[in-house]
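Q: Dropping a structure here in structure tokens format, bear with me for questions.
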Amino acid sequence: MDARKINILNAIIEAYIDMPTPVGSRTLSKEYHLGVSSATIRNEMADLEDLGFLNKPHQSAGRIPSDKAYRFYVDEIFKSFSEFHDIDASKKIKDRILYTSRNLEDFYKNSVNLLANISNCTAYLITPQKADTKIKRLTLVKIDRNTALLVLIGDKGVIERYFLEIENISDEDFYYIEKVLNEKMSGIDFDKIESLKISLSDNMIRYGNFISNVVKIASEFNKKVSSIEIYYDGLTNILNFDEYRDLDKAKDFMSLVEDRDSLFQILKDDNFTGDVEVIIGSENSASLMKENTIIRAPFTKDYGIYGSIGIIGPVRIDYMRLVKVVKIFSDALTRGLKEM
1 MDARKINILN AIIEAYIDMP TPVGSRTLSK EYHLGVSSAT IRNEMADLED LGFLNKPHQS
61 AGRIPSDKAY RFYVDEIFKS FSEFHDIDAS KKIKDRILYT SRNLEDFYKN SVNLLANISN
121 CTAYLITPQK ADTKIKRLTL VKIDRNTALL VLIGDKGVIE RYFLEIENIS DEDFYYIEKV
181 LNEKMSGIDF DKIESLKISL SDNMIRYGNF ISNVVKIASE FNKKVSSIEI YYDGLTNILN
241 FDEYRDLDKA KDFMSLVEDR DSLFQILKDD NFTGDVEVII GSENSASLMK ENTIIRAPFT
301 KDYGIYGSIG IIGPVRIDYM RLVKVVKIFS DALTRGLKEM
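Going by full-length UniProt numbering, 190 is the number at position 190 of the sequence shown; the sequence numbering is gapless.
Okay, here's the thing in structure tokens:
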């Protein structure tokens, strides 16, 4: 495609992003300095329509961009992708998220909430699968005569806490139980814990149920560690777009996002091809997403384990700004997780 067609196509896309009404040659001639007459613009628009880059709505002299046009536009943006790396901005975002985060769950929730507010779109985050494969250590803390705290620590740093009921176990026996369980469980692969056999001395047999309960919880630690969570925020932001003035359409979108299993199947991707990925309209596999765009980027936790953060909005969104925003957040999360 020659430079003049590219300039006219970019002008149409940017005009339509600003105002969702079909764009005519007169608007382009008056508001964009294209250096050609309205007649020339009309001829070029006709060619662009023939090439599949523009659609002509019924009863309108103007044109609107097709998904093919947006794809071309985004590919042009990525030619200068180095400009989207903003270290100072990602550091500010990272500090802002960490300031209000007491733990990892807060970190993820605050990240997706801030992205929704800044992007004015629906934001989501898929957590990394944790890298832990073994229990590094367990700790038992006696709270009172009827309650104990069990702390399980994975070999890569995941920590889970559980409160257990106990029946008047002496401090000496309690310490011994912790010692035996650590000897048996430390360094054991998660999938072997459930079949673990622990021999008890005669005077410890009476605590068999409590010890079995600890082993059972430890075996379920594997499920907790291997789980992948999905967070989202800004669901009602979709109502800010003209495309969702139809309330039935908006409700369908909201129902899809609130169905976490379906949403995860649509958004998960274990093989990112680059820093940021843009999936436009008809490129989406799910029928309810074919009128939307997903902009997403991976972020790393540790050990090569990736999560992803992104936004969902209509096809008519400000790609130039939002690709940069998502990139800044992915960098911020990578930095923030290292500090966490």
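Note that CB positions come from ideal geometry on N, CA and C, so glycine has one too.
Unbroken alpha helix (DSSP H) runs of length 4 or more, entirely within the stretch 170-223: which are they?
A: 171-185 and 190-193
Q: Whose C-alpha, out of Glu258, Glu165, Ile135 and Thr133, is nearest the C-alpha of Ala148?
A: Glu165
Q: Suppose you measure from the CA of residue 363 to the CA of Val74; what does that come to, to the nearest Å?
A: In the structure as shown, the chain begins at 1 and stops at 340. Residue 363 is therefore absent and cannot be evaluated.
Q: Which same chain residues end up closer than 6 Å to Leu115 when comparing Cβ atoms and leaving out the 5 residues on each side of it in sequence?
A: Annotation for Leu115: Ala123 and Phe329 place their beta carbon closer than 6 Å to its own, counting only its chain and skipping 5 residues before and after.
Q: If the criterion is Cβ atoms closer than 9 Å, does the pair Leu337 and Phe107 meet it?
A: Here Leu337 is near Phe107, since their CB atoms are less than 9 Å apart.
Q: Is the beta carbon of Gly311 sitting closer than 9 Å to the one on Arg296?
A: Looking at the sequence provided, one finds Ile at residue 311 rather than Gly. For Ile311 and Arg296, yes; Cβs fall inside 9 Å.
Q: Which residues in the same chain have their Cβ closer than 6 Å to the Cβ of Ser282, if we skip the five residues on either side of it in sequence?
A: Asp67 and Lys290
Q: Report buried or exposed for Phe163, applying the criterion of at least 16 other Cβ atoms within 10 angstroms of its Cβ.
A: exposed
Q: Give the DSSP bridge partners of residue 342, in chain order.
A: The structure shown does not extend to residue 342, since the chain is modelled only from 1 through 340, so no value can be given for it.
Q: From Tyr70 to Arg96, what does the alpha carbon distance come to, in whole angstroms?
A: 33 Å
Q: Let me make sure I understand the geometry here. Which of Ala250, Ser195, Asp242 and Asp88 has the alpha-carbon closest to that of Leu235?
A: Ala250
Q: Which residues in the same chain as Gly307 place their Cβ atom closer than 6 Å to its Cβ, once the five residues preceding and following it in sequence are excluded?
A: Ile126, Thr127, Pro128 and Phe299
Q: Inspect the beta-carbon positions of Val215 and Glu194 and report whether they are closer than 9 Å.
A: yes
Q: Between the Cα of Glu76 and the Cα atoms of Phe53, Pro22 and Asn10, which residue gives the shortest distance?
A: The candidate whose alpha carbon is nearest that of Glu76 is Asn10.
Q: Does DSSP put Asn292 in a helix, a strand or coil?
A: strand
Q: Classify Ala123 as helix, strand or coil using the three-state DSSP reduction.
A: strand
Q: Under 9 Å, do Asn284 and Gly313 count as touching if we go by C-beta distance?
A: Annotated as distal: Asn284 and Gly313, with beta-carbon spacing of 9 Å or more.
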